[in-house]
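Heads up: the sequence shown begins at 394 in my numbering, then just goes up one per residue. Since the structure comes first, as structure tokens, the remarks are kept for the end.
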Amino acid sequence: MVKQYPHFMERYPDYHSASVLGKIYHEVKSQESEADPSIKIVPLQCFTEVAVSEDYKRRWTSLYQEYLRESSKLCKLEDKAERNINFHELYQEYKWMLYKAEEFEYSPRERFDLFNEACAVYQVVYEHATSCNQVSKCGFAWKVAGRALCQLYMLKHSGDTMLCSFSVLEGAFKKNHRT
394 MVKQYPHFME RYPDYHSASV LGKIYHEVKS QESEADPSIK IVPLQCFTEV AVSEDYKRRW
454 TSLYQEYLRE SSKLCKLEDK AERNINFHEL YQEYKWMLYK AEEFEYSPRE RFDLFNEACA
514 VYQVVYEHAT SCNQVSKCGF AWKVAGRALC QLYMLKHSGD TMLCSFSVLE GAFKKNHRT
């Protein structure tokens, strides 16, 4: 039975390996964590031009700060499956706060109010992401208010829609997806 693993295996308990693999792993990890200066966050005007209520902005600023605290705790979980389950549950809580239902399609709320609040979520999140130049922070808006935002975008642009499985989209946009 192995008592400790080299850190590049991402298993615990671990030790810092000075081997070639350890050095390569460390170099890759250090570059992954650096912000890519070539990525510029450009919020979509159709969501930023909406004059959202100050109540919604204050509410989602507070809720987003709460989410950031909670998500940083979840990121420290070692078990990836447990972390994913907990993140899914966390997003569901925030969806419920927005939709008063599990998903946009089942929301009893008036669409106008729902779109307004979804834009508030978008604006709060994108303002934060832009201020710290971290595109990864934008995901919260799409995971929580994405369906409402997509519906609003479609209504504003009179575009055609297409039915697509979420699993197909998830696979296409995975962080480490290579073509």
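For glycine and all other residues, C-beta sits at the position ideal for the given N, C-alpha and C.
Would A534 pass as a contact of F497 if the rule is Cβ separation under 8 Å? What you label residue 534 is simply residue 141 of the sequence shown in a count that begins at 1. What you label residue 497 is simply residue 104 of the sequence shown in a count that begins at 1. Not closer than 8 Å, so no.
Between A513 and W453, which are expected to be in contact by the criterion C-beta below 8 Å, what is the C-beta distance as a whole number of angstroms? Stepping through the sequence shown from its first residue, residue 513 is reached at position 120. Stepping through the sequence shown from its first residue, residue 453 is reached at position 60. The Cβ separation is near 5 Å, so the contact holds.
Start-to-end residues for the alpha helix (DSSP H) that takes in S465: The residue given as residue 465 occupies position 72 in the sequence shown. It spans 447 to 468 - the alpha helix (DSSP H) in which S465 sits, taken as one unbroken run.
Do you know how far the Cα of L507 is from the Cα of T572? Indexing the sequence shown from 1 puts residue 572 at position 179. Indexing the sequence shown from 1 puts residue 507 at position 114. Unreliable placement is indicated for T572, whose pLDDT of 47 sits below 50; no coordinate value is reported for it.
Among V421, S410, K433, the one whose alpha carbon lies nearest that of E520: For this step, residue 520 is matched to residue 127 along the sequence shown. When only C-alpha atoms are compared, the closest one is K433.
DSSP three-state call for Y487: helix, strand or coil? Against the sequence shown, residue 487 aligns to sequence position 94. Three-state result, Y487: helix.
Do you know how far the Cα of A522 is from the Cα of K396? Stepping through the sequence shown from its first residue, residue 396 is reached at position 3. Stepping through the sequence shown from its first residue, residue 522 is reached at position 129. Cα to Cα, the separation comes out at about 41 Å.
Near G532, which residues of its chain fall below 6 Å by C-beta distance, leaving aside the five closest residues on each side in sequence? Within the sequence shown, the letter at position 139 stands for residue 532. Nothing listed; no residue qualifies.
Output needed for V518: all residues of its chain with C-beta closer than 7 Å, excluding positions within five of it in sequence on either side, in chain order. Reading the sequence shown from its first residue, position 125 is the one you call residue 518. If we look at V518 and ignore the five residues flanking it on each side, its Cβ neighbours are Y457, K530, C531, F533, A534.
For V528 and E463, the rounded distance between their alpha carbons: By one-based count along the sequence shown, residue 463 stands at place 70. By one-based count along the sequence shown, residue 528 stands at place 135. Near 19 Å, if we compare the C-alpha coordinates of V528 and E463.
What are the boundary residues of the alpha helix (DSSP H) that includes N526? The residue given as residue 526 occupies position 133 in the sequence shown. Looking at the DSSP string, N526 is not in any alpha helix (DSSP H), and its letter there is neither H nor E.
Buried or exposed, going by whether 16 or more other CB atoms sit within 10 Å of the CB of F440? Sequence index remark: in the sequence shown, residue 440 carries index 47 (1-based). With 16 or more other Cβ atoms within 10 Å, it is buried.
Just verifying my parser: in three-state terms, what is the DSSP assignment at T572? As a first step, residue 572 is located in the sequence shown; it is residue number 179 there, counting from the start. A caution first: T572 carries a pLDDT of 47, below 50, which makes its placement in the model unreliable, though a value can still be read off. Here T572 sits in coil by DSSP.
When you compare each of V537, S551, Y405, G539 to K469 by their alpha carbons, which one comes out closest? Residue numbering aside, residue 469 sits at position 76 when the sequence shown is read from its first letter. Considering only alpha carbons, the answer is Y405.
Within the same chain, show all residues whose beta-carbon is closer than 8 Å to that of H570, passing over the 5 residues directly before and after it, in chain order. The residue labelled residue 570 in the question sits at position 177 within the sequence shown. In this predicted model, H570 has a pLDDT of only 49, less than 50, meaning its place in the structure is not dependable enough to derive any value.
Alpha helix (DSSP H) segment containing F497, residue limits: Position 104 of the sequence shown, counted from the first residue, corresponds to residue 497. No alpha helix (DSSP H) holds F497; DSSP gives it neither H nor E.
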